[in-house]
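>
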Amino acid sequence: LTVQVNQPGAAVSKNMYGLFFEDINFAADGGLYPELVKNKSFETDARLLGWKALQGGANLDAYAVRNELPLSATNGHYLRLTTRAGAPGEAGLENEGFRGMGVKAGAEYTLSFYARRGAGNVKGVVASLVGSKGEALGQVAVSGFTDGWQKYTAVLRATGTQNKAHLKLVLNGAGTVDVDVVSLFPKDTWQGRPNGLRPDLVQLLKDMHPGFLRFPGGCIVEGRTLSERYQWKETIGDVAARQPLVNRWNMEFKHRATPDYYQSFGLGFFEYFQLAEDIGAEPLPILNVGMACQYNSGELAPMGSASAAKGPNAGSPTPPATGDPSLDVFIQDALDLVEFANGPASSPWGAKRAAMGHPTPFNLKMIGVGNEQWGPQYLERYEAFAQAVKAKYPALVLVSSAGPSPDGDLFDQSTKRLGELRADYVDEHYYAKPEWFRAHADRYDKYGRGGPKIFAGEYAAQNVSTGSPQNKNTWDCAISEAAFMTGLERNADVVGMASYAPLFANVDAWQWTPDLIWFDNLTSYGSPSYYVQQLYARNKGSRVLPLTLPAGAKNGTDNLFASAVADDVAGDVVLKLVNYSSSPRPLKINLAGAKKIGKTGRAQVLANADLQTQNSLQEPQKLAPQASTFAVQGATLSYTLAPNSFTVLRVPGR
Ligand code: AHR
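Numbering-wise (mature numbering (1 follows the signal peptide of the UniProt record, and there is no 0)), the sequence shown opens with residue 6 and increments by one.
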């Protein structure tokens with residue numbers, strides 16, 4: 006195998022390997038966003054989702070969601086409880102959390118809520134953490150209720166560790182009381198922030214050295230209908246005032262009338278920008294382009310002022326959604342988002358960012374226009390969108406969208422048109438079997454140049470089939486992704502960004518497999534695919550180096566896959582090598598034209614002969630990179646790849 010060290014090629018994008026975040030699989034509420042109380046503001050509907058009356062309500066005369074004289078216009082519902090006179094036992098409520106609540110012995114949780122006393126004499130509540138078998142796990146009393154709305158705060162210290170605890174609120178006194186915005190929030194958050202994120206999960210993200218953070222999805226950007234689309238303006242400002250929205254990934258289709266998966270938006274656009282900054286990733290928000298999910302209602306926003314030039318919904322068989330805002334509103338949302346992220350604190354939207362605690366700009370450089378959308382309806386909306394955004398922000402990088410088929414035409418008419426419309430990137434998605442990834446490692450070797458660059462914005466090998474709940478994060482999937490990624494890296498002149506998807510899954514509440522990082526309410530682990538992504542991101546280098554495989558090996562057809570880069574900062578030649586074979590593979594590696602070759606190379610190896618190997622909560626690092634060193638003598642080195650392995654070699658040299 007020969008690497009032309011003295012003939013560096015295209016620069017590797019500094020954002021090359023990043024993260025795709027979507028609130029799917031309880032990734033936000035019940036995951037990265039650690040609020041423990043489900044439906045804390047009683048705003049979802051009248052069902053009291055997540056809540057249950059103690060003793061089946063036997064000690065309450067009434068408990069119901071009400072809306073007279075609410076806390077505020079944006080927080081229009083609350084819960085009214087009236088105790089039953091003379092009833093024995095506890096009167097009150099419990100909250101189930103997100104598939105339970107994870108609490109740790111000795112850790113502190115901030116309990117807060119608003120209360121208003123009605124008739125009678127309810128003086129306060131006793132709040133307790135209770136384990137799945139009824140164990141007492143900590144308690145705090147709050148008293149002093151008054152006749153008007155007032156906020157109460159207390160610290161609840163857990164006395165035991167459990168991932169299936171729940172919160173019990175027992176009324177002290179008899180009568181009526183109104184409660185709202187009941188929150189139990191861990192004090193242990195990323196950077197100790199009051200509305201901060203779950204630290205172990207942020208750490209896993211940071212450890213990947215991601216080049217960008219794409220948010221908030223995925224299909225949730227689109228919504229099943231336009232009224233259920235993601236609207237970033239609804240996710241900023243006072244956390245208590247953010248209105249929940251049914252999650253597009255609420256999979257109980259037959260129970261659509263009674264969904265149980267909402268987005269609380271406690272993790273909203275401000276928090277996403279802050280997260281990107283914390284982990285050193287470029288923010289990449291994806292915005293709705295006036296189209297609901299084409300697999301669901303396919304609703305279209307009318308073209309608005311762009312329709313004069315183009316004709317309303319030209320080429321569109323789908324009627325526009327009645328009563329929905331026109332495309333102008335979506336375009337304005339994009340312009341306002343740039344001001345929110347980058348505008349001075351004196352600008353209207355910049356002021357909102359500053360009021361949330363970030364007066365300096367977030368330095369947003371790119372936005373995505375639509376998610377996984379295609380066809381004439383998309384192209385005409387993209388055109389109007391891009392014209393308006395580029396007119397005001399010419400330097401902003403625009404990521405356009407494409408349909409999901411992995412076998413779709415390469416560089417087709419649509420891609421050509423997107424190039425004419427000055428799209429900087431086109432976002433390709435591919436979910437397919439592991440063999441597809443190995444067979445298509447040369448996908449971009451053949452890709453047309455001169456159009457938009459590629460953002461491989463969603464991909465994952467799926468060992469059973471796309472959409473099957475039986476898919477697992479096996480080593481077979483991960484090693485096949487590693488093989489495919491040699492092709493992404495080799496084609497750095499056309500592939501500028503890539504992210505695995507989806508990112509997160511709660512082991513008790515997922516809708517999609519496989520996923521990069523799994524967690525329960527207390528712990529988390531990275532899948533083998535996580536370590537593949539991490540090895541690429543940490544070893545992305547600066548420039549591609551031409552590489553010739555040994556005679557007989559062609560584009561991985563004999564199960565050897567390879568790419569090479571120069572790391573100009575470290576002064577290393579970096580090789581990525583995949584041996585998809587149950588036999589070891591000895592290699593002679595010729596570093597042609599290399600100077601200043603060091604004496605010691607470093608290897609990081611992910612290997613397991615068993616392709617079905619998986620990590621788990623019990624064995625989080627069953628498959629994780631193993632580091633070693635090896636002697637280098639001159640420009641030709643010998644290295645034997647382990648059976649079924651992905652190896653990163655670093656050799657000092659230029
Ligand atoms: O990653 C899961 C889903 O796959 C995304 O929401 C969507 O863009 C794609 O279809």
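Glycine residues also receive a C-beta, built at the ideal position from the N, C-alpha and C atoms. Since the structure is predicted, the reported quantities are computational estimates derived from the model, not experimental observations.
Looking at the unbroken alpha helix (DSSP H) that takes in residue 480, where does it start and where does it end?
Within the sequence shown, residue 480 is the residue found at index 475, counting from 1. 480–495 is the span of the alpha helix (DSSP H), which, as asked, contains residue 480.
> For residue 440, count the other beta carbons within 10 Å of its own beta carbon; 16 or more makes it buried, fewer makes it exposed. Which is it?
By 1-based counting over the sequence shown, the position of residue 440 is 435. Looking at its Cβ environment, which holds fewer than 16 other Cβ atoms inside 10 Å, residue 440 is exposed.
> If you draw a straight line from the C-alpha of residue 281 to the C-alpha of residue 556, how long is it?
As a working note, residue 281 is residue 276 in the sequence shown. As a working note, residue 556 is residue 551 in the sequence shown. Going from the Cα of residue 281 to the Cα of residue 556 covers about 44 Å.
> Classify residue 100 as helix, strand or coil using the three-state DSSP reduction.
Locating residue 100 in the sequence shown gives position 95, counting from the first residue. In the structure shown, residue 100 sits in a strand (DSSP, three-state: E or B).
> According to the neighbour-count rule (16 or more other Cβ atoms, all chains shown, within 10 Å of its Cβ), is residue 322 buried or exposed?
Here residue 322 corresponds to residue number 317 of the sequence shown, with the count starting at 1. Legend: pLDDT at residue 322 = 49, less than 50; position of this residue unreliable, value from coordinates given subsequently. By the 10 Å Cβ count, residue 322 comes out exposed.
> DSSP beta-bridge partners for residue 646?
Along the sequence shown, one-based indexing puts residue 646 at 641. Under DSSP, residue 646 shares a beta bridge with 590.
> Buried or exposed for residue 160, going by 16 or more other Cβ atoms inside 10 Å?
Taking the first residue of the sequence shown as 1, we reach residue 160 at position 155. With fewer than 16 Cβ atoms within 10 Å of its Cβ, residue 160 is classed as exposed.
> Keeping to the same chain, check which residues put their C-beta closer than 6 Å to that of residue 20; ignore five residues upstream and five downstream.
Within the sequence shown, numbered from 1, the residue matching residue 20 stands at position 15. Around residue 20: 216, 217, 287 and 502.
> Keeping to the same chain, check which residues put their C-beta closer than 7 Å to that of residue 517; ignore five residues upstream and five downstream.
Start at 1 with the first residue of the sequence shown, and residue 517 comes out as number 512. Cβ neighbours of residue 517 beyond the five flanking positions: 29, 30 and 507.
> May I ask you to list the residues that DSSP assigns as paired with residue 191?
Residue 191 sits at position 186 when you count from the first residue of the sequence shown. The partner list for residue 191 (beta bridge, DSSP) reads 114.
> For residue 282, verify whether its CB is less than 7 Å away from any heavy atom of the ligand AHR.
Sequence index remark: in the sequence shown, residue 282 carries index 277 (1-based). The answer is no for residue 282.
> Specify, as a first and last residue, the run of the alpha helix (DSSP H) that residue 354 falls within.
In the sequence shown, residue 354 corresponds to position 349, counting from 1. Residue 354 -> alpha helix (DSSP H) spans 353–360.
> Helix, strand or coil, according to DSSP, for residue 7 in the structure here?
Translated into positions along the sequence shown, residue 7 becomes position 2. Correct three-state label for residue 7: strand.
> Thinking just about the alpha-carbon of each residue, which of 488, 642 and 628 is nearest to the one in residue 634?
The sequence position of residue 634 within the sequence shown is 629, counting from 1. Answer by Cα proximity: 642.
> Apart from the five residues just before and just after residue 316, which ones in its own chain have a Cβ nearer than 7 Å to its Cβ?
Sequence index remark: in the sequence shown, residue 316 carries index 311 (1-based). Bear in mind that the predicted position of residue 316 carries a pLDDT of just 48, short of 50, making it unreliable; the figure below should be weighed with that in mind. Taken in chain order, the list of residues that qualify is empty.
> When the Cα atoms are used, what is the spatial distance from residue 118 to residue 450?
The residue given as residue 118 occupies position 113 in the sequence shown. The residue given as residue 450 occupies position 445 in the sequence shown. Near 58 Å, if we compare the C-alpha coordinates of residue 450 and residue 118.
> Return yes when at least one heavy atom of the ligand AHR lies under 7 Å from the C-beta of residue 355, else no.
Position 350 of the sequence shown, counted from the start, is the residue given in the question as residue 355. For the ligand AHR, not one heavy atom lies less than 7 Å from the Cβ of residue 355.
> Return the CA-CA distance between residue 443 and residue 479, expressed in angstroms with no decimal places.
Taking the first residue of the sequence shown as position 1, residue 443 is located at position 438. Taking the first residue of the sequence shown as position 1, residue 479 is located at position 474. Straight-line Cα distance between these residues: approximately 15 Å.
> Keeping to the same chain, check which residues put their C-beta closer than 8 Å to that of residue 112; ignore five residues upstream and five downstream.
Here residue 112 refers to the residue found at position 107 when the sequence shown is read from its first residue. Excluding sequence neighbours, residue 112 sits near 162, 163, 191, 192 and 193.
> Kindly confirm or deny that the stretch 588–600 and the stretch 637–653 touch, where touching means at least three C-beta pairs closer than 8 Å.
yes
> Which term fits residue 151, buried or exposed, when burial requires 16 or more other beta carbons within 10 angstroms of its beta carbon?
As a first step, residue 151 is located in the sequence shown; it is residue number 146 there, counting from the start. With fewer than 16 other Cβ atoms within 10 Å, it is exposed.
> Between the Cα of residue 295 and the Cα atoms of 307, 301, 289 and 302, which residue gives the shortest distance?
In the sequence shown, the residue the question calls residue 295 occupies position 290. Per the Cα distances, 307.
> Note down the Cα distance separating residue 238 from residue 229, rounded to an integer number of angstroms.
Taking the sequence shown and counting its residues from 1, one reaches residue 238 at position 233. Taking the sequence shown and counting its residues from 1, one reaches residue 229 at position 224. Residue 238 and residue 229: Cα-Cα distance of roughly 19 Å.
> CB-CB under 7 Å to residue 54, same chain, minus the five flanking residues each way: which ones, in chain order?
Here residue 54 refers to the residue found at position 49 of the sequence shown. Correct list, in chain order: 43, 44 and 265.
> Nearest to residue 127 by CA position, among 311, 177 and 37, is which residue?
Sequence index remark: in the sequence shown, residue 127 carries index 122 (1-based). The shortest C-alpha separation from residue 127 is found at 177.
> Indicate whether residue 390 and residue 336 have their beta-carbon atoms separated by less than 8 Å.
Translated into the one-based positions of the sequence shown, residue 390 becomes position 385. Translated into the one-based positions of the sequence shown, residue 336 becomes position 331. For residue 390 and residue 336, yes; Cβs fall inside 8 Å.
> By the DSSP assignment, the beta strand (DSSP E) with residue 500 in it spans what residues?
Working through the sequence shown from its first residue, we reach residue 500 at position 495. Per DSSP, residue 500 belongs to the beta strand (DSSP E) from 500–505.
> Exposed or buried, what is residue 545 when buried is set at 16 or more other beta-carbons lying within 10 Å of its beta-carbon?
Residue numbering aside, residue 545 sits at position 540 when the sequence shown is read from its first letter. The residue is buried, with at least 16 neighbouring Cβ atoms inside 10 Å.
> Nearest-angstrom Cα distance between residue 199 and residue 153?
As a first step, residue 199 is located in the sequence shown; it is residue number 194 there, counting from the start. As a first step, residue 153 is located in the sequence shown; it is residue number 148 there, counting from the start. For residue 199 and residue 153, the distance between alpha carbons rounds to 26 Å.
> Count the CB pairs spanning the stretch 72–83 and the stretch 46–60 that are closer than 8 Å, and state whether there are at least three.
yes
> Please list the segments of the alpha helix (DSSP H) lying wholly inside the stretch 129–176, counting only runs of 4 or more residues, in order along the chain.
none
> Per the contact definition of three or more C-beta pairs closer than 8 Å, is the stretch 522–540 in contact with the stretch 391–411?
no
> At which residues does the alpha helix (DSSP H) containing residue 345 begin and terminate?
Position 340 of the sequence shown holds residue 345. Annotation for residue 345: the continuous alpha helix (DSSP H) segment containing it runs 332–347.
> Hey, could you find the ends of the beta strand (DSSP E) residue 607 is sitting in?
Here the question's residue 607 lines up with position 602 in the sequence shown. Residues 605–612.
> According to DSSP, simplified to helix, strand and coil, what is residue 317?
Taking the sequence shown and counting its residues from 1, the one referred to as residue 317 is at position 312. Here the model assigns residue 317 a pLDDT of 46, short of 50, so the residue's position is not dependable, and the following value carries that caveat. DSSP places residue 317 in the coil class of the three-state scheme, outside both helix and strand.
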